[in-house]
Structure formats: structure tokens, C-alpha cells
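Reminder that position 331 of the sequence shown reads as 331 in UniProt numbering, one-by-one numbering, no gaps.
A short write-up of the structure that comes next.
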Amino acid sequence: MGITNNDLVLQNPHSFLTGFFLFIVAGVLLYLAYQWALPKPIPGIPYNEEAAGRIMGDMPSIVAYMKEHGRLRPWFAKQPVRHGSPLIQFWMTPFSKPKLILSDYQEAQDILLRRSKEFDRSTRSIQVFLTIPDHHIAMASTDRRFKGNKELVRDLMTPKFLYDVSAPQIYSKTTALVELWTLKAELANGRPFDARRDIFDAAIDIINAATFAFDDSLCTVKHQLDYLATTDSRQLPVNPDGSVDFPQLPELDDIAVVHALCDHIGNQFKSLKPKLSHKFKLLTDSSFRRNLARKDELITQEINKSLQRFESGDNTMFSAMDHMLQREREAAKKAGRKPDFHSRRIYDELFGYIVAGHDTSSSALKWIVKLISEHQDVQNKLRSILQAAYPAALAESRQPNETEITKTSIAYVDAVIEEALRYASPLPVVLRETTMDTILLGHHIPKGTDIFMPSSGPGILMPALPVNDNVRSETSRTKHWGGKWNEQDMHLFNPERWLKTDETGKIQYDSQAGPFLAFGLGPRSCFGKRLAYLEIRMVLVLLVWNFVFKPLEGELASSMAVDSLTSNPKYCYVALEKVQR
1 MGITNNDLVL QNPHSFLTGF FLFIVAGVLL YLAYQWALPK PIPGIPYNEE AAGRIMGDMP
61 SIVAYMKEHG RLRPWFAKQP VRHGSPLIQF WMTPFSKPKL ILSDYQEAQD ILLRRSKEFD
121 RSTRSIQVFL TIPDHHIAMA STDRRFKGNK ELVRDLMTPK FLYDVSAPQI YSKTTALVEL
181 WTLKAELANG RPFDARRDIF DAAIDIINAA TFAFDDSLCT VKHQLDYLAT TDSRQLPVNP
241 DGSVDFPQLP ELDDIAVVHA LCDHIGNQFK SLKPKLSHKF KLLTDSSFRR NLARKDELIT
301 QEINKSLQRF ESGDNTMFSA MDHMLQRERE AAKKAGRKPD FHSRRIYDEL FGYIVAGHDT
361 SSSALKWIVK LISEHQDVQN KLRSILQAAY PAALAESRQP NETEITKTSI AYVDAVIEEA
421 LRYASPLPVV LRETTMDTIL LGHHIPKGTD IFMPSSGPGI LMPALPVNDN VRSETSRTKH
481 WGGKWNEQDM HLFNPERWLK TDETGKIQYD SQAGPFLAFG LGPRSCFGKR LAYLEIRMVL
541 VLLVWNFVFK PLEGELASSM AVDSLTSNPK YCYVALEKVQ R
């Protein structure tokens, strides 16, 4: 006769009860662990209900959006609109604290300009730039290194340095782009061609020259110009959309290194866990490690060249690197120490100057050539104003020189640039982190909370979301400045919105006409924005002076974007006709 389960239970009642008790305890612990792992909202701030009920938070929605649209950044601008609230919270990854999206320009301005002690550079932003950890962009304002690094680069954005040192380099490399496009316009015979690589190359040539004073042997655009000089237009393949493809030289080895490292930093922006992805790439990607080593070798070579020139008695400033080396020499003399020209901070400040200076300008210029092709009225007006502003150049059938461009203020040029940056901001999100418990729009926000502030959301490209002034901070209510955009046309590209007429009837550019966050605001705004404005202005003037950008159709005119370090147009084609004089 067999023994049944009931017999076993009767013979071992304590074992059964113990097992049952452990089962119940395990179940309770699992339930408590599950509840602990669920997202914990900040009271009173809207969020996606489905995200709060799953450990993964908003991550599934974010991943699905990226798969469908190929990019993440518009997701941030859509969430406040979805909830009808200027402040919402979300969970980017599992087991994380809530992050906030603030889509209210008045409050964002207050945070960036007047509340920097409560809101500093975020940990996420610092982790994105782990490739250059000793650059000031990768430091909190409280970092003991920050002040010294800013002192090292302090004068690089002064008008004197920009006009005397940077402007000649920008002009020279932009002229090379004009020469390349003159040849391409002739070979293409009016047909469109892809301008992305040319603009990218010109921007990298410009920033490399501004950083290191590279000569034409490392000028990518010059190499491409020489390569195409023997091209027969009959050999150019014509695509079904009417565009032509030009043969392209491979990137110069050292330029390819810079390109690859810039791409890595761009990918870090898209990563949900930038610190982890950076470390993983370091461990698993030998080419990435080689690129980092080669980058340092390149900087070492250029520093040694400058030091040799200084030792020979020539202290002329040709580049940002020359300036940094001179600043280090002065600082060492003042401190009574030996100069360290090969310090990590000099290397990272130099490469960070390239990374930040290249991507922002390259992206902005791609959008600008698309916008002036699409808006022929803006392009024609701009060209007429330029011809009136540079009468000597027009009379002598030449393009304006660098001095004429830098010394002549043209309100409409500034308006076109600012509107392009508002309409298609290269940096779609400004990110800050709370350094202490604080209050935002009436809500208690814990220390260590990330705040995402979209530069293309409500109040900038779409109607603002309502906010009761009673919940605003005192400084937001009393010190806010700037106008508001007309909600009827704020979604359109219209440079005129940046212009006003003064009491004498003169048209002037108004930088405070309305909300604008393309470069951030305040003490941690984009360090290189003055260099970016100078470069964009010079390139825009010379391109519109020399070429008619004909309108495009179909996919070539698409406004679709892709994300990297900045946001770029997916399609950036130009159909050029040389301006006849």
C-alpha cells in the first residue's frame, strides 16, 4: 500500500507549515520588492499612467518612439503637450528617479539666468562628455577644476580674438567651400547634389584651423576640390530624383579620427545610459581606443610645433591653441611653477573646442541652406540687402572680405540666422540638475532631479501652455524679459519677427524679440556661441553672395531630421546657380 501526500503532511506537519510560511514570506517579499522597484512620482506633477505601473517606466515608450521615428528628441517636446502641463515627469530607465520636462520659457529663463545655484550642469551631461572629462563642459560649476579651465579659455570668445585670429581662418576655409561649390554648380548643370558632406567638411576645416591653424594640407575641402578638378560632367550619375552624385575622396586619416570621436559623443547623447555605454565601448572597441590615442598624438604634435615657434621668438597668435599655451605660460609664471603644456586639461579643452565648435555650426548651416532654398523670398531679400551693404565689393565684382563682413552690422543677416536657429535648433534640449531641494512651479523638487528644457516646444514653436503666475518664482515674475511670439505664425520660418523699427525709422535686429533657447542662457550657456555666430554669419554671407539656391521638390525638400550630438536634416541638397554680376 503506497504512501500518499496526505500521509506525508500528517507525519511532518511542522515541515509543511514551515514550507507554507516560507512560500508566503517569499511572495510578500517579491511583492514588496516589485512595489519598491515601481517608479515613484513626485506628488502633483503629471506623468504617463502606464509608466508608473511598470518597472521599466517610460523606457518601452521611448524605445518604441525611437524605432518609429528614428530619433528621440521630439519625444521630449510632445509630452507636456500631451498632458496639457508645462511641467511633467517621466522615467527614462528602470530603477531611476523621475526626470522632469519643463516647457515654459519664462521659468526656463529664470532657472538658467538667475537660479544657477539651485540648477547646475547635470550628471547626465557630464557623462555624455566622458571622452573629454577634463573639459569645462564636462564639469559641474562647483568642480574645483572648473574655474581654472574657464580661465584657460577665457579670451577665446572676445571680439578681438575672434576678429583678429579666428575670422581669417573662417574666411579662408569658407572661400574654399565657395570654390568647391562653384565647380560643382558647373558640373551639375543646375541639378541638385547632396551638400551634407561638403558642409560637414567645411565646418571641420574651419574649426580645425581656428583651433590649430592647420594649413591647406589638412583642408578636406581643398583636397576634394583638387580631386574634382578633372571630373567630366558627363560621368556624373543622375538619380531618379534628378540629383547627381559626385565622387568623394575618403576622409584624411586624422580628420576621420576627429569625425569618429565626434560621432561617439553624439551617440552618447542618444544613449539611455551614457556612462555605461562609454565604458563598454572602451572595453570592447579597439578602434575607439586607437582613435583616442591618435587624437592625443595629433594634439601633442601641434603643441610642440607652436612651442618651437614661440621659442624662436615668434609669439604671433594664429589659433586657440596658441592662446591656451600663452595663458598656461602666464599662469605658471604667476604661480611660480613650471608650465605644463601637455596637461590633460589643455588636451581636453582643445578637443572640446573642436567638438562643440564643429557640430553646432555644421548643423545650423545645413538647416540654413535648406531654409533659404525653400523660402525664396527670404533668400532674394537677403541677397539684395547684402549687395547694398557691401557696395565696394559689388562695384569691384568680388566677394566681401573678412573685414567688411566682421565690421558691418546687418540686421537682416542677424534675423535670418536667429530665426533659423529658433526654427531648427541644433541643440533641442537644455539640461540641468537640481543641486538642492527646491520649488518649481509650486512643486517641491528633490535634490538630484534632472530638468529637460526643450528648445523647440511650447512657447517657441507652438502655443505656450497656461501657467498661473502665483506658482512662479518671485524672480520669474519680476525679472522676466523678452517678448512673446505671435501664436498664429510661430510655427513658420519668418526672419521678420526679429526686426523692429526704432524712433528714427531704422530697421534694427532685436535679440529679445521672443523666446529662444538654441544656445541655452546664463553662466552655463554654450561657451562657443560667439564663434558659432561669426562662422555662420561669414558662411551665410559668402554663400548667398555667390550662389542662387534654387527651390527643391519631393524628398529632397524633406524637413526630416536625424539626431547625433546635434539635430541635422536627413536630406540636405542644394541646386546652385552662380550669381552673375
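Using N, Cα and C, we set each Cβ at its ideal position, and we do this for glycine too.
Alpha carbon of residue i to alpha carbon of residue j, nearest angstrom
i, j, result
"Val-369", "Asn-470", "44 Å"
"Glu-577", "Phe-549", "7 Å"
"Ala-213", "Asn-486", "44 Å"
"Leu-225", "Gly-514", "42 Å"
"Ala-332", "Pro-339", "5 Å"
"Met-321", "Glu-503", "45 Å"
"Ile-385", "Gln-399", "14 Å"
"Pro-46", "Pro-446", "16 Å"
"Gly-19", "Phe-95", "31 Å"
"Ala-77", "Met-453", "9 Å"
"Leu-162", "Leu-156", "7 Å"
"Thr-316", "Asp-216", "19 Å"
"Lys-529", "Arg-124", "22 Å"
"Thr-475", "Phe-90", "27 Å"
"Asp-104", "Thr-360", "24 Å"
"Phe-547", "Gln-376", "13 Å"
"Glu-50", "Lys-67", "19 Å"
"Val-574", "Val-539", "15 Å"
"Ala-260", "Val-238", "30 Å"
"Trp-291", "Glu-297", "Inspection of the sequence shows that residue 291 is occupied by Asn rather than by Trp. So the alpha carbons of these two residues sit roughly 10 Å apart."
"Arg-309", "Asn-189", "46 Å"
"Leu-30", "Ile-24", "10 Å"
"Leu-521", "Asp-58", "29 Å"
Cut-off 6 Å between Cβ atoms - residues of its own chain near residue i, not counting five sequence neighbours on either side
i, result
"Thr-408", "Ala-389"
"Gly-442", "Val-471"
"Phe-129", "Ile-137, Ala-138"
"Arg-581", "Ser-397"
"Asp-194", "Tyr-573"
"Lys-150", "His-136"
"Ser-85", "Pro-46"
Option nearest residue i by Cα separation, candidates the options
i, options, result
"Ala-424", "Pro-400, Asp-450, Pro-391, Ile-460", "Ile-460"
"Ile-299", "Leu-325, Asp-450, Ile-385, Lys-281", "Leu-325"
"Lys-270", "Pro-250, Thr-230, Pro-428", "Pro-428"
"Asp-253", "Asn-239, Tyr-227, Ser-286, Cys-219", "Cys-219"
"Glu-311", "Arg-329, Ile-265, Pro-74, Lys-295", "Arg-329"
"Gln-488", "His-480, Gly-482, Trp-481, Arg-497", "Arg-497"
"Asp-232", "Asp-263, Glu-186, Leu-534", "Glu-186"
"His-223", "Tyr-412, Gln-109, Ala-202", "Ala-202"
"Leu-531", "Val-579, Gln-268, Asn-208", "Asn-208"
"Thr-449", "Ser-455, Ile-439, Glu-433, Met-462", "Glu-433"
"Leu-274", "His-69, Thr-93, Ser-473", "Just to set this straight, residue 274 is Pro in the shown sequence, not Leu. The residue with the shortest Cα to Cα distance from Pro-274 is Thr-93."
"Val-378", "Val-413, Thr-406, Ser-397", "Val-413"
"Arg-115", "Thr-438, Leu-552, Cys-572, Asn-468", "Thr-438"
"His-135", "Phe-493, Arg-345, Val-541", "Arg-345"
"Ile-42", "Ile-88, Leu-29, Phe-23", "Ile-88"
"Thr-158", "Tyr-533, Ser-567, Trp-75, Leu-292", "Tyr-533"
"Glu-535", "Ile-507, Glu-179, Ala-364, Gly-336", "Ala-364"
"Phe-127", "Ala-167, Leu-431, Glu-555, Met-490", "Checking the sequence, you will find Gln at residue 127 rather than Phe. Ranking the options by Cα distance to Gln-127, first place goes to Leu-431."
"Ile-199", "Asn-189, Val-178, Ala-188, Ala-210", "Val-178"
"Ser-287", "Glu-251, Ala-26, Thr-478, Val-257", "Val-257"
"Ala-356", "Thr-211, Ala-140, Trp-481, Pro-240", "Thr-211"
"Tyr-353", "Asp-110, Leu-152, Tyr-227", "Leu-152"
"Pro-391", "Phe-21, Trp-545, Lys-97", "Trp-545"
Contacts around residue i, its chain only, beta-carbon distance under 7 Å, and the 5 residues preceding and following it disregarded
i, result
"His-342", "Thr-300, Ile-303"
"Tyr-509", "Ala-411, Asp-414, Ala-415, Trp-498, Leu-499"
"His-358", "Ala-203, Ile-204, Ile-207, Cys-262"
"Gln-387", "Leu-394"
"Ile-55", "Ala-37, Leu-38, Pro-94"
Cβ-Cβ separation, residue j to residue i (assumed contact under 8 Å), whole Å
i, j, result
"Pro-569", "Ala-557", "Not confirmed; about 10 Å, so no contact."
"Ile-132", "Lys-173", "That belief does not hold up - the Cβ atoms of Ile-132 and Lys-173 are roughly 23 Å apart, past 8 Å."
"Pro-466", "Val-81", "At roughly 12 Å, the Cβ-Cβ gap does not stay under 8 Å, so Pro-466 and Val-81 are not in contact."
"Gly-266", "Leu-565", "4 Å"
"Arg-422", "Phe-516", "5 Å"
"Ile-405", "Val-541", "5 Å"
Own chain residues within Cβ distance below 8 Å of residue i, not counting five before or after
i, result
"Asn-401", "Tyr-171, Ala-393"
"Arg-191", "Val-238, Gly-242, Ser-243, Val-244, Ala-575"
Starting from the N-terminal side, write out each stretch of the alpha helix (DSSP H) that is 4 residues or longer and does not extend beyond the stretch 397-443. 402-407, 411-423
Which complete alpha helix (DSSP H) runs does the stretch 57-113 hold, if anything under 4 residues is left out? Here the runs fully enclosed are 59-69, 73-83.
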